[in-house]
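Engineer: Note that this note's numbering gives residue 214 to position 203 of the sequence shown, counting from 1, and the numbers run on in steps of one. Quick reminder that beta carbons are idealized off the backbone N, C-alpha and C, glycines included. Keep in mind the model is a prediction, meaning the values are calculated, not measured.
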Amino acid sequence: MIKLQDNFFNYCIVKGVTEINDELRINYLKNVIKLSDDDIGNYQKTINDNKDRVKKLILDLQKQFGENRISIKDVNSLTSLSKSENNHNYQTEMLLRWNYPAASDLLRMYILKEHGGIYTDTDMMPAYSKQVIFKIMMQTNGDNRFLEDLKLRRAISDGVLRYVNNQNIDEVNYNEISDADKNIIKKILTEISKMPEDSIFTKINTRIPRDTMPILRRYHLWPDGWNIRGLNGFMLSHKGSEVIDAVIAGQNQAYRELRRIRDNIHSEIYFKQTD
């Protein structure tokens with residue numbers, strides 16, 4: 012599989028292809044890989060089925076949140092992808108590695124640069140308000156497991172999201188959670204459900220200085236103390252912000268280093284240098 016990915020990637024580079032599309036993929040499978048007509052037909056059917064599923068997803072979201080609030084745009088409309096280095100880095104992740112999270116890491120910076128605003132992962136949970144954290148700590152007698160342990164955190168998050176979406180909090184998934192911890196979580200959710208919905212999460216301050224980029228911070232309690240790290244799952248910045256330019260420049264520098272290592276391995280320089 013890796014060799015097939017590499018061969019297709021090199022094929023696109025040799026042919027000078029700057030836009031990868033379904034037609035190009037099918038031509039490659041038919042004329043280079045020599046797949047049968049049946050295999051090509053199955054591949055085309057998969058493409059069409061995926062497109063239909065995406066259309067249905069968009070329609071369902073538009074019905075739920077409003078037609079004008081949900082829109083899908085082609086990433087190829089981004090001016091940043093017309094730059095050869097940016098495009099090569101993006102295609103490296105999408106085609107060579109099939110590393111969609113890494114490809115998204117690049118795209119989100121290009122989108123912020125050209126449009127500005129807020130970027131957030133769709134599975135990102137908003138930060139709890141201080142009142143919610145206080146209730147969790149009071150019900151657990153300061154047991155940090157309920158803020159750190161993934162299973163316990165997810166059960167609490169499940170209940171909180173059910174509450175703010177007017178769903179039954181008794182339907183929370185408690186799989187693999189002990190009865191003792193389950194009872195504590197139920198007490199936590201009972202207390203939280205007494206709070207007004209608009210006081211559950213911390214409000215985001217969107218009034219930020221020019222050329223800055225606030226991002227999400229995650230706090231993890233390690234044996235030697237709190238570990239605080241930044242996550243790019245939530246970011247906000249202005250259109251054309253210089254801090255975005257600095258991040259993109261850093262990304263490009265990292266990919267240049269990866270290409271240098273890759274070229275050295277191909278030419279055996281890497282092995283000679285490490286003997």
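If you drop the 5 nearest sequence neighbours on each side, which residues of the same chain put their C-beta closer than 6 Å to that of K26?
Structural biologist: What you label residue 26 is simply residue 15 of the sequence shown in a count that begins at 1. So the list is empty, once near-sequence residues are dropped.
Engineer: Between G236 and L227, which are expected to be in contact by the criterion C-beta below 8 Å, what is the C-beta distance as a whole number of angstroms?
Structural biologist: By 1-based counting over the sequence shown, the position of residue 236 is 225. By 1-based counting over the sequence shown, the position of residue 227 is 216. No, G236 and L227 are not in contact; Cβ-Cβ is about 20 Å, not under 8 Å.
Engineer: Check for me: the alpha helix (DSSP H) holding Y39 runs from which residue to which?
Structural biologist: Residue numbering aside, residue 39 sits at position 28 when the sequence shown is read from its first letter. Note, Y39: alpha helix (DSSP H), 33-42.
Engineer: Please name the residue, chosen from Y266, R164, I272, that lies closest to S95 on a Cα-to-Cα basis.
Structural biologist: Numbered from 1 along the sequence shown, position 84 holds the residue referred to as residue 95. That would be Y266, whose Cα lies nearest to the Cα of S95.
Engineer: Considering only C-alpha positions, which residue in the set I51, N18, N21, I24 is nearest to E34?
Structural biologist: Taking the first residue of the sequence shown as position 1, residue 34 is located at position 23. Cα-wise, what sits closest to E34 is I51.
Engineer: Which word fits Y121, buried or exposed, when buried means at least 16 other C-beta atoms lie within 10 angstroms of its C-beta?
Structural biologist: For the purposes of this step, residue 121 is taken as the residue at position 110 of the sequence shown. So Y121 ends up on the buried side.
Engineer: What does the alpha-carbon distance come out to for the pair M135 and K41?
Structural biologist: Translated into the one-based positions of the sequence shown, residue 135 becomes position 124. Translated into the one-based positions of the sequence shown, residue 41 becomes position 30. Computed Cα separation, rounded: 41 Å.
Engineer: Measure the Cβ-Cβ separation of A138 and T213 and say whether it is below 8 Å.
Structural biologist: Counting from 1 along the sequence shown, the entry for residue 138 is found at position 127. Counting from 1 along the sequence shown, the entry for residue 213 is found at position 202. Their beta carbons are under 8 Å apart, which means A138 touches T213 by this criterion.
Engineer: Using C-beta distances below 7 Å, list every residue in its chain close to K146, excluding the 5 sequence neighbours before and after it, in chain order.
Structural biologist: Taking the first residue of the sequence shown as 1, we reach residue 146 at position 135. Closer than 7 Å at the Cβ level, and outside the excluded window around K146, lie I199, E202, I203.
Engineer: Can you look up N21 in the DSSP assignment and give me helix, strand or coil?
Structural biologist: By one-based count along the sequence shown, residue 21 stands at place 10. Here N21 sits in helix by DSSP.
Engineer: Can you list the beta strand (DSSP E) stretches of 3 or more residues lying completely in the segment 120-157, in chain order?
Structural biologist: List check, beta strand (DSSP E) in window: 128-131.
Engineer: Tell me which same chain residues have a C-beta within less than 8 Å of the C-beta of Y174, skipping the five on either side of it?
Structural biologist: Working through the sequence shown from its first residue, we reach residue 174 at position 163. Counting only Cβ-Cβ distances below 8 Å, and skipping sequence neighbours, we find I180, L200, I203, S204, E208, I211.
Engineer: Classify I144 as buried or exposed, calling it buried when 16 or more other Cβ atoms lie within 10 Å of its own Cβ.
Structural biologist: By one-based count along the sequence shown, residue 144 stands at place 133. Its Cβ having fewer than 16 others within 10 Å, I144 is exposed.
Engineer: Going by beta carbon distance, what residues of the same chain come within less than 7 Å of V86, once the five residues before and after it are set aside?
Structural biologist: Taking the sequence shown and counting its residues from 1, one reaches residue 86 at position 75. These residues qualify, in order along the chain: L92, L118.
Engineer: Which same chain residues end up closer than 8 Å to S252 when comparing Cβ atoms and leaving out the 5 residues on each side of it in sequence?
Structural biologist: The sequence position of residue 252 within the sequence shown is 241, counting from 1. The residues are L123, K124, G127, R221, D222, T223, M224.
Engineer: L163 to G153, Cα distance in whole Å?
Structural biologist: One-based indexing of the sequence shown puts residue 163 at position 152. One-based indexing of the sequence shown puts residue 153 at position 142. Spanning the two alpha carbons is a distance of roughly 14 Å.
Engineer: Name the one or two DSSP bridge partners that N238 has.
Structural biologist: Locating residue 238 in the sequence shown gives position 227, where the first residue counts as 1. In the DSSP output, where bridge partners are listed per residue, N238 has H231.
Engineer: Could you name the residues of the same chain whose beta carbon sits closer than 7 Å to that of S156, not counting the 5 residues immediately before and after it, in chain order?
Structural biologist: If you number the sequence shown from 1, residue 156 lands on position 145. The displayed chain sequence assigns Arg, not Ser, to residue 156. So the list reads L163, once near-sequence residues are dropped.
Engineer: Relative to the alpha-carbon of M206, which residue among N184, N238, Y185, V171 has its alpha-carbon at the smallest distance?
Structural biologist: The residue given as residue 206 occupies position 195 in the sequence shown. Answer by Cα proximity: V171.
Engineer: Label L269 either buried or exposed according to how many other C-beta atoms from any shown protein chain fall within 10 Å of its C-beta, with 16 as the threshold for buried.
Structural biologist: Along the sequence shown, one-based indexing puts residue 269 at 258. Result: exposed.
Engineer: Please state if the CB of Y101 and the CB of A114 are separated by a distance shorter than 8 Å.
Structural biologist: Here residue 114 is taken as the residue at index 103 of the sequence shown, counted from 1. Here residue 101 is taken as the residue at index 90 of the sequence shown, counted from 1. In this structure, Y101 lies closer than 8 Å to A114 by Cβ.
Engineer: When the Cα of R273 is compared with those of T103, T133, N177, S189, which residue comes out closest?
Structural biologist: Here residue 273 is taken as the residue at index 262 of the sequence shown, counted from 1. Residue T103 is the option with its Cα nearest to R273.
Engineer: Just tell me which of Q264, H231, Q150, V65 has its CA closest to the CA of D192.
Structural biologist: Against the sequence shown, residue 192 aligns to sequence position 181. Cα-wise, what sits closest to D192 is Q150.
Engineer: Could you pull the DSSP bridge partners for M246 from this structure?
Structural biologist: Taking the first residue of the sequence shown as position 1, residue 246 is located at position 235. Answer is Y130, I226, bridged to M246.
Engineer: Considering only the alpha carbon of each residue, which of N61, N59, N98 lies closest to I24?
Structural biologist: In the sequence shown, residue 24 corresponds to position 13, counting from 1. Measuring from the Cα of I24, the nearest candidate turns out to be N98.
Engineer: Pop quiz: L107 and Q16 are said to be a contact at Cβ under 8 Å. What is the actual Cβ separation, rounded to whole angstroms?
Structural biologist: For the purposes of this step, residue 107 is taken as residue 96 along the sequence shown, with counting starting at 1. For the purposes of this step, residue 16 is taken as residue 5 along the sequence shown, with counting starting at 1. That belief holds up - the Cβ atoms of L107 and Q16 are roughly 6 Å apart, short of 8 Å.
Engineer: Should A166 be labelled buried (16 or more other beta-carbon atoms within 10 Å of its own) or exposed?
Structural biologist: Numbered from 1 along the sequence shown, position 155 holds the residue referred to as residue 166. When all chains shown are included, A166 counts as buried.
Engineer: Given this structure, state the Cα-to-Cα distance separating L46 from Q55, to the nearest angstrom.
Structural biologist: Sequence index remark: in the sequence shown, residue 46 carries index 35 (1-based). Sequence index remark: in the sequence shown, residue 55 carries index 44 (1-based). Cα to Cα, L46 sits roughly 12 Å from Q55.
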